[in-house]
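Chains as they are written, first to last, in this note's numbering: chain Z, 31 to 254; chain G, 31 to 254; chain D, 31 to 254; chain W, 31 to 254. Notes for the one structure printed next.
Protein chains: 4
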Amino acid sequence: MKSMRRIAKENQILDAAERIFSEIGFRNTRMEDIAREIGMSKGSVYFYFESKENLYMAVTYRAFEELIRGYKACSASTKDENGKTAVVELFRYHLDFCENQPGYYALLMNYMSLARAEEEKNADMALSEAMRDSTYFRKIRNLRDLPLEIVVSEIVRGQEDGSIRNKKHPHLLYLSAWAQVAGFTEIRSTSRKNRKSTVLNVSVAEWREYTFELMSRVLDDLAA
Amino acid sequence: MKSMRRIAKENQILDAAERIFSEIGFRNTRMEDIAREIGMSKGSVYFYFESKENLYMAVTYRAFEELIRGYKACSASTKDENGKTAVVELFRYHLDFCENQPGYYALLMNYMSLARAEEEKNADMALSEAMRDSTYFRKIRNLRDLPLEIVVSEIVRGQEDGSIRNKKHPHLLYLSAWAQVAGFTEIRSTSRKNRKSTVLNVSVAEWREYTFELMSRVLDDLAA
Amino acid sequence: MKSMRRIAKENQILDAAERIFSEIGFRNTRMEDIAREIGMSKGSVYFYFESKENLYMAVTYRAFEELIRGYKACSASTKDENGKTAVVELFRYHLDFCENQPGYYALLMNYMSLARAEEEKNADMALSEAMRDSTYFRKIRNLRDLPLEIVVSEIVRGQEDGSIRNKKHPHLLYLSAWAQVAGFTEIRSTSRKNRKSTVLNVSVAEWREYTFELMSRVLDDLAA
Amino acid sequence: MKSMRRIAKENQILDAAERIFSEIGFRNTRMEDIAREIGMSKGSVYFYFESKENLYMAVTYRAFEELIRGYKACSASTKDENGKTAVVELFRYHLDFCENQPGYYALLMNYMSLARAEEEKNADMALSEAMRDSTYFRKIRNLRDLPLEIVVSEIVRGQEDGSIRNKKHPHLLYLSAWAQVAGFTEIRSTSRKNRKSTVLNVSVAEWREYTFELMSRVLDDLAA
DNA sequence: TATGAATGAGAGTTCATTCAT
DNA sequence: AATGAATGAACTCTCATTCAT
Numbered sequence: 031m032k033s034m035r036r037i038a039k040e041n042q043i044l045d046a047a048e049r050i051f052s053e054i055g056f057r058n059t060r061m062e063d064i065a066r067e068i069g070m071s072k073g074s075v076y077f078y079f080e081s082k083e084n085l086y087m088a089v090t091y092r093a094f095e096e097l098i099r100g101y102k103a104c105s106a107s108t109k110d111e112n113g114k115t116a117v118v119e120l121f122r123y124h125l126d127f128c129e130n131q132p133g134y135y136a137l138l139m140n141y142m143s144l145a146r147a148e149e150e151k152n153a154d155m156a157l158s159e160a161m162r163d164s165t166y167f168r169k170i171r172n173l174r175d176l177p178l179e180i181v182v183s184e185i186v187r188g189q190e191d192g193s194i195r196n197k198k199h200p201h202l203l204y205l206s207a208w209a210q211v212a213g214f215t216e217i218r219s220t221s222r223k224n225r226k227s228t229v230l231n232v233s234v235a236e237w238r239e240y241t242f243e244l245m246s247r248v249l250d251d252l253a254a
Numbered sequence: 031m032k033s034m035r036r037i038a039k040e041n042q043i044l045d046a047a048e049r050i051f052s053e054i055g056f057r058n059t060r061m062e063d064i065a066r067e068i069g070m071s072k073g074s075v076y077f078y079f080e081s082k083e084n085l086y087m088a089v090t091y092r093a094f095e096e097l098i099r100g101y102k103a104c105s106a107s108t109k110d111e112n113g114k115t116a117v118v119e120l121f122r123y124h125l126d127f128c129e130n131q132p133g134y135y136a137l138l139m140n141y142m143s144l145a146r147a148e149e150e151k152n153a154d155m156a157l158s159e160a161m162r163d164s165t166y167f168r169k170i171r172n173l174r175d176l177p178l179e180i181v182v183s184e185i186v187r188g189q190e191d192g193s194i195r196n197k198k199h200p201h202l203l204y205l206s207a208w209a210q211v212a213g214f215t216e217i218r219s220t221s222r223k224n225r226k227s228t229v230l231n232v233s234v235a236e237w238r239e240y241t242f243e244l245m246s247r248v249l250d251d252l253a254a
Numbered sequence: 031m032k033s034m035r036r037i038a039k040e041n042q043i044l045d046a047a048e049r050i051f052s053e054i055g056f057r058n059t060r061m062e063d064i065a066r067e068i069g070m071s072k073g074s075v076y077f078y079f080e081s082k083e084n085l086y087m088a089v090t091y092r093a094f095e096e097l098i099r100g101y102k103a104c105s106a107s108t109k110d111e112n113g114k115t116a117v118v119e120l121f122r123y124h125l126d127f128c129e130n131q132p133g134y135y136a137l138l139m140n141y142m143s144l145a146r147a148e149e150e151k152n153a154d155m156a157l158s159e160a161m162r163d164s165t166y167f168r169k170i171r172n173l174r175d176l177p178l179e180i181v182v183s184e185i186v187r188g189q190e191d192g193s194i195r196n197k198k199h200p201h202l203l204y205l206s207a208w209a210q211v212a213g214f215t216e217i218r219s220t221s222r223k224n225r226k227s228t229v230l231n232v233s234v235a236e237w238r239e240y241t242f243e244l245m246s247r248v249l250d251d252l253a254a
Numbered sequence: 031m032k033s034m035r036r037i038a039k040e041n042q043i044l045d046a047a048e049r050i051f052s053e054i055g056f057r058n059t060r061m062e063d064i065a066r067e068i069g070m071s072k073g074s075v076y077f078y079f080e081s082k083e084n085l086y087m088a089v090t091y092r093a094f095e096e097l098i099r100g101y102k103a104c105s106a107s108t109k110d111e112n113g114k115t116a117v118v119e120l121f122r123y124h125l126d127f128c129e130n131q132p133g134y135y136a137l138l139m140n141y142m143s144l145a146r147a148e149e150e151k152n153a154d155m156a157l158s159e160a161m162r163d164s165t166y167f168r169k170i171r172n173l174r175d176l177p178l179e180i181v182v183s184e185i186v187r188g189q190e191d192g193s194i195r196n197k198k199h200p201h202l203l204y205l206s207a208w209a210q211v212a213g214f215t216e217i218r219s220t221s222r223k224n225r226k227s228t229v230l231n232v233s234v235a236e237w238r239e240y241t242f243e244l245m246s247r248v249l250d251d252l253a254a
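Encoded structure:
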């Protein structure tokens, strides 16, 4: 049983690690950086996390946990609304999450990449072997599909309650909507370091709203 | 004046580098890997490219060059069609390009990140300093905005010839369309290592076509 | 605050570095050599000194410190004697120092060279840039002129108390005397590896004494 | 038999090598530097000199040759003067030579060091083994003692003709005088990069003259 | 628990030297 | 004779990891 103190320390390390990993990437991050960030010694970090990869996976795991907590809360808060509203809110939440947790998007994508590589027994990535060996890697498996499932079930609900008139396969709708959010996040993040509110002279806020308007329209399938 | 032989060798190296960088990333790639891939010694690679960062930027430069060659060709081949068709074809070309040149997408995005970091004098990325110092980095500056300009001019043409009824700012339309393509590429690539033709039980070909259908619809702005 | 243990280790490394640098020169010395000399690993040396140049400058700094400590002690011990005696003793001390600290002379001269190159913004010496960037390089600046100042003030004292009848400019006397000591050290060191007590069939001890006799005579200026 | 053309090329290389070796030292000099300096390729240099060490020794050899040519000329031109004058002129020539051939002094000293190391079978200097293996190294042996012998014979002549009243062992006188010249050269060279005409506010020309005045006085032995 | 030290396996880069043309 | 290429050993420096205290 982990003590309160231990959990607190672990979270402190995870915070720092998340910050730095997402800023400069896994390989560019030194354990020393993480330790210094919280006034700790390198050795101590190893007391809590057995390896760099393990720490990285722990960060990813925590991020998944939090994301899913949010998905569930979001889903719960819209259970009285129609399916379409629920879906849009879920993506809105997702986008907010990425915006507020810099680099979270990268963690998620990287995990997906690793998971895929495992299924395919792709031995290309020697480095990531250690990641897949991490206990956290396996713990994430129990979570990773939840966001998908939650969104898809809301899509189905929407198709049933008539708010989503688009009758394409729910997975296709999910992918289309997610691609839009992912693309927005990716392009936005490429120019994110500063907090500039415009990209190419377009107000980010406007672009963002338009993204959701398009998503909404897709679900409406007005054109079909 | 570079000899034919030299250019051929450089391209051979660039090919190998592109392959490996895109497979396992910049940091994970060893110069030795690249050299061995083409049966060369480490030292020889340095005869052609002064540093790892320089080589990386050279790869990026070549990718930009090729991309733009394609954009121009694509644009030329649709000059008799209406603007909307031209725009869709450009994105279709872009997506094909990313699909066929594994990792190209990452190169492009990474460059944008570096360029942005430079404008903001963001010293976070110590590693990338050497990249920005590369002569290729500066050569790319003359190219990087061409794709944007080409697409935007076609959008404008489409708005003028009536094929693009959506009267939003061309930049906003560009971003929306590009986000869709970028998102598709990103998600697709996360599960690309093998040549599986389905993601989440959805046929990739179908998803792909649907992406263009949605893009087309956005330009039509049927719902507006 | 540096621990006792740390300081001891640093000095152990400095000892080894001084030994090897002076034996085979800066460029010929490998960090590995220094580490092995004291049964340490390469990496550990880097724990204490951030670079080879930094280590070299640290060695130089320590040498300066010790030299000056000696100058001061020597000067203090002759404060009741006349100026000429004080001057001769200072040079005698200097020569002893060079004799006992093999290669010290080279360190001192190299530093002077670097310092000069800096003032002249001479970019010839690419290698030494890192040396000038060392924190130790700047620390030495506060010390480097002390020997000169001490000797010159004793020369002035000697001219005032009548023991140094030579009325030439104190700096000229300093240079003339120092040249003699420097020349002796240089020639002697060229054939120093062994402890042979003769050079060209001349007893080194005799030559040495004669050097001081000549110096003494210059200060007396008997011939003027 | 070496062709004219070959000898010319060799000398061109030797010129460049002498310049660069003396500026930045043996280890810091790259064969490429030397080749580029005269618009030649690295490979070509190897056609004329089998190794870097061999080239270095060739430079040294040529320097010795020239020095000795000068010694002989100088000696011949003073054969009608008394011994003391001849000695002073020889040292004056030596000093001029060092002043005009930057780095020559280092070459000479380095050779002495190598020669000494050989006699003592000192295996410290692994690098220099190749130098001692050079054919030029052995050729120098036939020359190296000539300057000493010439000076010493003039000293003896001076002692006999009464111009050198100092009756100390000629070798001791030689060492004392040479030390003075060597010290002057060393200190002067430390601050030589620019052509400043003062050191420590002392006019170099004045210091130089004073050096010879002192030397002259030593030979006179006025004080004895 | 925590930390300062120590380690050692690389990784990027340099450069003397060789070789094919 | 000359050169552009190619090589590989050597070297500096990094950093994840371990360990003694």
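Glycine included, C-beta positions come from ideal geometry on N, C-alpha and C. The structure presented is a predicted model; accordingly, all values stated were derived computationally and were not measured.
Chain W contact for residue i (CB, 7 Å cutoff)
{"i": "D:Tyr48", "result": "The residue you asked about is not Tyr; residue 48 of chain D is Glu in the sequence shown. By this cut-off, D:Glu48 is not an interface position."}
{"i": "D:Ile68", "result": "no"}
{"i": "D:Leu173", "result": "no"}
{"i": "D:Arg57", "result": "yes"}
CB of residue i within 7 Å of CB of residue j, strictly
{"i": "D:Ile43", "j": "D:Tyr86", "result": "no"}
{"i": "D:Phe216", "j": "W:Glu216", "result": "Before going further, note that residue 216 of chain D is Glu rather than Phe in the sequence given. For D:Glu216 and W:Glu216, yes; Cβs fall inside 7 Å."}
{"i": "W:Thr59", "j": "W:Tyr141", "result": "no"}
{"i": "G:Ile194", "j": "G:Leu125", "result": "no"}
{"i": "Z:Ile68", "j": "Z:Ala88", "result": "no"}
{"i": "G:Leu173", "j": "G:Phe94", "result": "yes"}
{"i": "D:Gly213", "j": "W:Ala38", "result": "no"}
{"i": "Z:Pro177", "j": "Z:Val186", "result": "no"}
{"i": "W:Ala116", "j": "W:Glu184", "result": "yes"}
Straight-line gap, residue i to residue j (C-alpha atoms, nearest Å)
{"i": "G:Asp251", "j": "Z:Leu137", "result": "35 Å"}
{"i": "Z:Ser74", "j": "Z:Glu83", "result": "16 Å"}
{"i": "W:Asn224", "j": "W:Arg218", "result": "The pLDDT assigned to W:Asn224 is 49, lower than 50, so where the model puts this residue is not dependable; a value taken from the coordinates is nonetheless given after this. Near 11 Å, if we compare the C-alpha coordinates of W:Arg218 and W:Asn224."}
{"i": "D:Ser233", "j": "D:Glu243", "result": "15 Å"}
{"i": "G:Lys32", "j": "G:Asp63", "result": "25 Å"}
{"i": "D:Ala156", "j": "W:Ile54", "result": "Summary for D:Ala156: the model assigns pLDDT 47, below 50, so the residue's position carries little reliability, and this model does not support an answer."}
{"i": "Z:Thr288", "j": "G:Asn196", "result": "Residue 288 of chain Z is absent from the model: chain Z starts at 31 and stops at 254."}
{"i": "D:Phe56", "j": "W:Asp163", "result": "23 Å"}
{"i": "Z:Arg238", "j": "W:Ser71", "result": "60 Å"}
{"i": "D:Ser81", "j": "W:Phe167", "result": "35 Å"}
{"i": "W:Met245", "j": "W:Leu203", "result": "10 Å"}
Proximity test, Cβ basis, 7 Å: residue i and chain Z
{"i": "G:Ala209", "result": "yes"}
{"i": "G:His124", "result": "no"}
{"i": "G:Arg187", "result": "no"}
Residue i at chain G interface by Cβ criterion, 7 Å
{"i": "Z:Ala212", "result": "yes"}
{"i": "Z:Asn231", "result": "yes"}
{"i": "Z:Ser6", "result": "For residue 6 of chain Z there is no data in the structure shown, the boundaries of chain Z being 31 and 254."}
{"i": "Z:Met139", "result": "yes"}
Residue i at chain D interface by Cβ criterion, 7 Å
{"i": "W:Glu216", "result": "yes"}
{"i": "W:Val181", "result": "no"}
{"i": "W:Thr220", "result": "yes"}
Anticipated Cβ contact below 8 Å, residue i with residue j, distance rounded
{"i": "G:Gln189", "j": "G:Gly113", "result": "7 Å"}
{"i": "W:Phe121", "j": "W:Ala207", "result": "6 Å"}
In DSSP terms, what residue i is bridged to
{"i": "D:Thr59", "result": "D:Thr59 is not bridged to any residue."}
{"i": "Z:Val232", "result": "Z:Val229"}
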